[in-house]
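So the sequence shown is numbered by this note's numbering: it starts at 36 and just counts up by one.
Ideal Cβ positions, reconstructed from N, Cα and C, are used throughout, including at glycine.
On a predicted model such as this, the values are computed, not experimentally measured, just so you know.
One structure is given here, and the rest of the page talks about it.
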Amino acid sequence: MKIGSEVLYLSRQHIASLSIGMSEVISLLEESFLEKAQGNVDALAKIEVHPKRDDNFINAMVCSFPKYNIAGLKWISAYPGNREKGLPYISGLIVLNDQETGVPMVIMEAGVLTAIRTGAVTGLSAKYLARKNSQSVAILGCGVQARTQLEAVLAICPELKIVKAYDINKAAITLFAQEMELRFKVKVEHAFNPQQAVEGGDIIISAGPIVTNPDPVIEGSWLKEGCFGAPIDYDSYWKKSSFETVDRIYVDDVPQFESHRQMGYFNAVPPVYGDLADLVSGKLSGRLNDSERIMAINLGLSLEDVAVAALVYNLALKQELGQLLPV
Ligand SMILES: NC(=O)c1ccc[n+]([C@@H]2O[C@H](COP(=O)([O-])OP(=O)(O)OC[C@H]3O[C@@H](n4cnc5c(N)ncnc54)[C@H](O)[C@@H]3O)[C@@H](O)[C@H]2O)c1
């Protein structure tokens, strides 16, 4: 590759063909948050625009990561109406620049990577916050993210064997169940409403669309002792009572979380305890006993995207994968 006059392009297929393991990504993110705790990463809070309708948004996520000699941007959209058009809800691109010269090195599709890293962040939180002997997981919203969410918690909690899945679209549950049972040898039960999925669950993951005016469903009284909750869809599906029932709430990055409060999200969420950098560096404790109810509200931080994109880029270079484009 002629740096400065060529840039590498990696498509969805290129990235998927690398078959990156979930446990590897969880470890990579653990190291990355440790770098952040040591002040070695500059990961800005994401900013967003809302074109056309409020529930559509596009985020710009920026991070400089000296350990990899890389600075990167993820430009990623979420459009809930896309499903009806046969398009993915989430789509976007990542650009990585060489940190010495500022020259763009690679452009890659962002959807596959987002799904892997969002799963891995939940996995990392679960490592510190879920009960290791968790046996059951509730999944609300059986789309793209649900699959890697399940993969990640299975990588962390080896005794997980019951999956209760709920979606407003029954066909989505059926497809999810078929795929997951085949891939992970778990039993997936169809829940007929959110309560049936959540009650008794050791781990509860919500992965429906993020909406500006939420109509949340998950009640505090549904959350059993010792559970771990992971909303990846902001505050769209959890009622105020559920945020108030949990003993502690963690996030992936406190400044980014607080900047989203300023934007109008998370009004019902009490003060949060800390973030992933605090947890992996040992500055704050994680789960203390088997009866605490704990929640991790991970919004997705640029650091996570750039660390995984750097891994993808290096693997692609080694395997001579991708297409060179003239600048
Ligand atoms: N926190 C992060 O870092 C991060 C990263 C990526 C995606 N996300 C979020 O994850 C969520 C899921 O994204 P995706 O790519 O899987 O989308 P998707 O469209 O593939 O899946 C969403 C699923 O939710 C279902 N659904 C819609 N309304 C529902 C409701 N009221 N109750 C239950 N299910 C409902 C849909 O039928 C669909 O199957 C979105 O909110 C997205 O913004 C978060």
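Inset, instruction - State the Cα-Cα distance for the pair I142 and N248, rounded to the nearest angstrom. - result: 34 Å
Inset, instruction - Leaving aside the five residues before and after N75 along the sequence, list all residues of the same chain whose C-beta is less than 7 Å from its C-beta, in chain order. - result: P101, K102
Inset, instruction - For the region 273-283 and the region 183-193, state whether three or more C-beta atom pairs, one from each stretch, are separated by less than 8 Å. - result: no
Inset, instruction - Taking only heavy atoms of ligand 1 into account, decide whether any of them is closer than 6 Å to the Cβ of G178. - result: yes
Inset, instruction - Check whether the Cβ atoms of E194 and Q170 lie closer than 7 Å to each other. - result: Yes, these two residues count as a Cβ contact at 7 Å.
Inset, instruction - Please go through the same chain and pick out, in chain order, the residues whose beta-carbon is closer than 6 Å to the beta-carbon of A187, but skip the five residues on each side of it. - result: M57, G154, A155, T157, G158
Inset, instruction - Tell me, please, whether the region 327-339 touches the region 279-296 by the rule of three or more beta-carbon pairs shorter than 8 Å. - result: In short, these stretches touch, since the Cβ pair count reaches three.
Inset, instruction - Determine the direct distance from the alpha carbon of E339 to that of S67, and round the result to whole angstroms. - result: For the pair S67 and E339, the Cα-to-Cα distance works out to about 8 Å.
Legend entry - Beta-carbon contacts of D325 that lie in its chain and below 7 Å, excluding the five residues immediately before and after: R166, G261
Legend entry - Under 7 Å between C-beta atoms of P290 and P115: no
Inset, instruction - Identify which residue in V179, V97, L311 has its Cα closest to the Cα of A344. - result: V97
Legend entry - Straight-line Cα distance separating A51 from A242: 21 Å
Inset, instruction - Output the distance between the C-alpha atoms of M140 and I82, rounded to the nearest integer angstrom. - result: Each residue's Cα considered, the two are about 24 Å apart.
Inset, instruction - Please determine, among N302, A161, N349, the residue with the shortest C-alpha to C-alpha distance to D310. - result: A161
Inset, instruction - Kindly indicate which three-state DSSP category D90 falls into: helix, strand or coil? - result: coil
Inset, instruction - Count the C-beta pairs between the region 122-138 and the region 300-310 that are closer than 8 Å, then say yes if the count reaches three, no if not. - result: no
Inset, instruction - Compute every distance between the C-beta of N204 and the non-hydrogen atoms of ligand 1, then say whether any falls below 6 Å. - result: yes
Inset, instruction - Say yes only if the C-beta of L128 is nearer than 6 Å to one or more non-hydrogen atoms of ligand 1, and no if none qualify. - result: Outside the cutoff, so no.
Inset, instruction - Please list, in chain order, all residues of the same chain as E65 whose beta carbon is under 8 Å from its beta carbon, the five residues on each side excluded. - result: L159, K162, V315
Inset, instruction - Pick out the complete beta strand (DSSP E) segments inside the region 44-119, 3 residues or longer, and give them in chain order. - result: 82-84, 92-100, 105-113
Inset, instruction - Quick one: give me the first and last residue of the beta strand (DSSP E) that D133 is part of. - result: Taken as a continuous stretch (DSSP letters only), the beta strand (DSSP E) holding D133 covers 125-133.
Inset, instruction - Would you identify the three-state DSSP class for R283, choosing helix, strand or coil? - result: strand
Inset, instruction - Tell whether a beta-carbon distance below 7 Å holds between F173 and I239. - result: What sits at residue 173 in the sequence shown is Ala, not Phe. Yes. Within cutoff.
Inset, instruction - Report whether the distance from the Cβ of D340 to the nearest heavy atom of ligand 1 is below 6 Å. - result: no
Legend entry - Under the three-state DSSP convention, the category D313 falls into: Here D313 sits in helix by DSSP.
Inset, instruction - Check whether the Cβ atoms of V246 and S40 lie closer than 7 Å to each other. - result: Taking 7 Å as the Cβ cut-off, V246 and S40 do not qualify as a contacting pair.
Legend entry - Distance between N228 and L131 (C-alpha atoms, nearest Å): 42 Å
Legend entry - Three-state class that DSSP yields for F301 in the structure shown: Secondary structure of F301 (DSSP, three-state): coil.
Inset, instruction - Taking 7 Å as the cut-off, decide whether the C-beta atoms of A351 and L45 are in contact. - result: yes
Legend entry - Secondary structure of V252, DSSP reduced to three states: Secondary structure of V252 (DSSP, three-state): coil.
Inset, instruction - Mind listing, in chain order, the continuous beta strand (DSSP E) runs of no fewer than 3 residues lying wholly within the region 204-267? - result: 222-225, 238-241, 263-266
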